[in-house]
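Structure first, then comments.
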Amino acid sequence: MLELHNVVTRYGEIEALKGISLRVAEGQFVALVGANGAGKSTTLRSISGLVRPASGTIMFEGVDISRASPARILSLGIAHCPEGRRVFPHMSVAENLEMGSYRRSDSAEVRSDLQKMFEQFPRLAERRRQVAGTLSGGEQQMLAIARALMSRPRLLMFDEPSLGLAPNIVEQIFTLIRSLNKSGTTILMVEQNANAALSMSDHAYLLEAGAMTLEGPGKEMLANPHIRRAYLGH
Numbered sequence: 038m039l040e041l042h043n044v045v046t047r048y049g050e051i052e053a054l055k056g057i058s059l060r061v062a063e064g065q066f067v068a069l070v071g072a073n074g075a076g077k078s079t080t081l082r083s084i085s086g087l088v089r090p091a092s093g094t095i096m097f098e099g100v101d102i103s104r105a106s107p108a109r110i111l112s113l114g115i116a117h118c119p120e121g122r123r124v125f126p127h128m129s130v131a132e133n134l135e136m137g138s139y140r141r142s143d144s145a146e147v148r149s150d151l152q153k154m155f156e157q158f159p160r161l162a163e164r165r166r167q168v169a170g171t172l173s174g175g176e177q178q179m180l181a182i183a184r185a186l187m188s189r190p191r192l193l194m195f196d197e198p199s200l201g202l203a204p205n206i207v208e209q210i211f212t213l214i215r216s217l218n219k220s221g222t223t224i225l226m227v228e229q230n231a232n233a234a235l236s237m238s239d240h241a242y243l244l245e246a247g248a249m250t251l252e253g254p255g256k257e258m259l260a261n262p263h264i265r266r267a268y269l270g271h
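Heads up: the sequence shown at position 127 corresponds to 164 in this note's numbering, and the numbers run straight through without jumps.
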């Protein structure tokens with residue numbers, strides 16, 4: 038479904054990604070782990086078109102999206118839940134969800150999907166008229182996920198979905214992400230909590246200083262001595 042081949046991304050003179058390659062098959066749950074500053078967020082931003090790779094290719098279902106605009110990439114079926122949630126703080130919950138469907142023209146289906154979001158996220162239904170900036174962190178994360186789902190993505194990318202959330206809310210968010218994958222949505226997740234990310238994933242990659250250094254099934258990566266020492270504190 039998604040393939041990155043020798044992708045190099047720079048910020049000025051700084052090479053944030055040093056020729057990385059990865060693959061996400063349809064229906065998979067793939068985790069990308071590593072330390073802060075390793076290039077994990079830059080990987081997602083390169084895929085979603087928020088930054089343009091200097092070289093290399095990014096293919097999505099046979100289409101080269103390396104130079105595509107974020108709007109084009111979204112229309113092809115890739116949605117990105119960025120770090121820090123990034124809801125529209127001065128708009129209502131309902132308006133935020135409607136923004137998630139702005140590339141769609143099937144208004145009847147959009148209304149149907151909006152109702153489905155309120156059924157799937159009862160807390161958002163209760164707060165549909167509330168300004169998003171006044172929601173709790175967990176509610177904002179739910180809103181960011183629901184807004185992404187309104188685009189009907191085939192691949193949903195998460196950047197640090199547990200960041201800044203209370204442990205009980207983190208478990209709710211991870212349960213939701215797992216259920217989305219089980220229902221057919223392909224997932225690529227960046228997550229600082231390496232233990233949780235590797236436990237949940239079918240396949241995982243370790244990114245260190247802008248380079249891919251390890252990959253394998255999530256549970257095998259969880260048992261890797263280097264990962265246990267460096268990222269799990271064992």
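Every residue gets a Cβ at the ideal spot worked out from N, C-alpha and C, and that includes glycine.
Taking only three categories from DSSP, how would you classify residue i?
i	result
S220	coil
E245	strand
P198	coil
H240	strand
L269	coil
I182	helix
E257	helix
E156	helix
A203	coil
E33	As shown, the chain starts at 38 and ends at 271. That puts residue 33 outside it, with no answer to give.
Considering Cα atoms alone, identify which of the options is closest to residue i.
i	options	result
R189	E146, A203, E63	E146
T80	V207, A53, M96	A53
I57	S78, V67, G93, E50	G93
R215	L235, I264, L161	L235
E252	L151, H240, L134, G74	H240
R164	E132, A248, M187	E132
A91	K55, L69, S85	K55
E40	R148, R47, E50, A62	A62
E208	L186, A185, M179	M179
E228	S220, G221, K219, L202	L202
T212	R184, A233, P107	A233
Across which residues does DSSP place residue i in a beta bridge pair?
i	result
E40	R60, M96
E29	For the chain, the structure presents residues 38 to 271; residue 29 sits outside this window and is missing.
I84	According to DSSP, which records beta bridges pairwise, I84 is partnered with nothing at all.
V67	L225, H240
L235	Answer is none; L235 lacks a bridge partner.
Since residue i and residue j should fall inside the 8 Å C-beta cutoff, what is the C-beta to C-beta distance between them, to a whole number of angstroms?
i	j	result
I182	C118	6 Å
Unbroken alpha helix (DSSP H) runs of length 4 or more, entirely within the segment 95 to 153: which are they? 107 to 113, 130 to 136
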